[in-house]
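So the structure is just underneath, and the comments pick up after that.
In the working numbering, the protein residues as written are 433 to 619.
This is the structure:
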C-alpha cells in the first residue's frame, strides 16, 4: 500500500495518471447518470488521523489539505466540467479537509453528519453506514450525487480502499447492504 501511495503521489507531482486497475470507464459511467460518487478527501499534510485536540469547525485543530491536495481538488472539479458530467448534489463530511475538497472541486455542497469520520472510534460506524445506504436508495433515476468523505467510511460502504483524492462511481448492490464500485478514477 505504501508503494502505491508513493507512486500515486509521484504521478500527481509529475502530472501523469497513476496506473492501477480501473474497472469501467469512469467518465462514461458518470455521464450515464444514476450513480453515487464517493470521493476520499484530497491529499492532506502528512499524518494519520487528527491531533488529539480535534474540534469540528476549527480547522487549525485538524489535519488539513496540502497545497497539492488543494490543486488536486480543483482538478477534480475541472474534470467534471470538461467531461460533461452533471452533478445534482454534493455532500461532505464536516472535517475541514472534506469541506475544503468539496468547495474547491464543486462549490456548493452541504455538510452531512453520516459522512463524518469514525476513524479511531469517533462517530458511530454502523449507524452512519446505514444512514448513507438508506439515502442512496432514494437516488432519482439519472441523477449523480457526490459524497466527499474519509477512507474508513468508503471502505465500510464498499469493502474497498482508495487513495486520497480518488473517486469511486458506485450504486447499491443487489443486497442493498453495500455500494458496488462500478468505476474508479485517480485524478
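Note that CB positions come from ideal geometry on N, CA and C, so glycine has one too.
{"Query": "Distance between residue 532 and residue 485 (C-alpha atoms, nearest Å)", "Result": "20 Å"}
{"Query": "Beta-carbon proximity of residue 610 to residue 599, cut-off 9 Å", "Result": "no"}
{"Query": "Cβ-Cβ distance between residue 557 and residue 529 below 9 Å", "Result": "no"}
{"Query": "Residue 501 classed as buried or exposed, judged by whether at least 16 other C-beta atoms fall within 10 angstroms", "Result": "buried"}
{"Query": "Buried/exposed call for residue 525, threshold 16 Cβ in 10 Å", "Result": "buried"}
{"Query": "CA-to-CA distance, residue 614 to residue 453, given in whole angstroms", "Result": "Its pLDDT being 36, under 50, residue 453 is placed unreliably by the model, and the measurement read from it follows with that caveat. So the two alpha carbons sit approximately 12 Å from each other."}
{"Query": "Same chain, Cβ closer than 6 Å to residue 436, five either side skipped, listed in chain order", "Result": "Here residue 436 scores only 43 on pLDDT, less than 50, and its place in the model is too uncertain to base an answer on."}
{"Query": "Spatial distance of residue 588 from residue 538 (CA atoms)", "Result": "24 Å"}
{"Query": "Beta carbon of residue 536 nearer than 9 Å to that of residue 505", "Result": "yes"}
{"Query": "Boundaries of the alpha helix (DSSP H) in which residue 505 is found, first to last residue", "Result": "499-514"}
{"Query": "Nearest-angstrom Cα separation, counted from residue 603 out to residue 580", "Result": "15 Å"}
{"Query": "Proximity of residue 612 and residue 590 at Cβ, strictly below 9 Å", "Result": "yes"}
{"Query": "Length of the line joining the Cα atoms of residue 586 and residue 512", "Result": "20 Å"}
{"Query": "DSSP-derived helix/strand/coil call for residue 550", "Result": "coil"}
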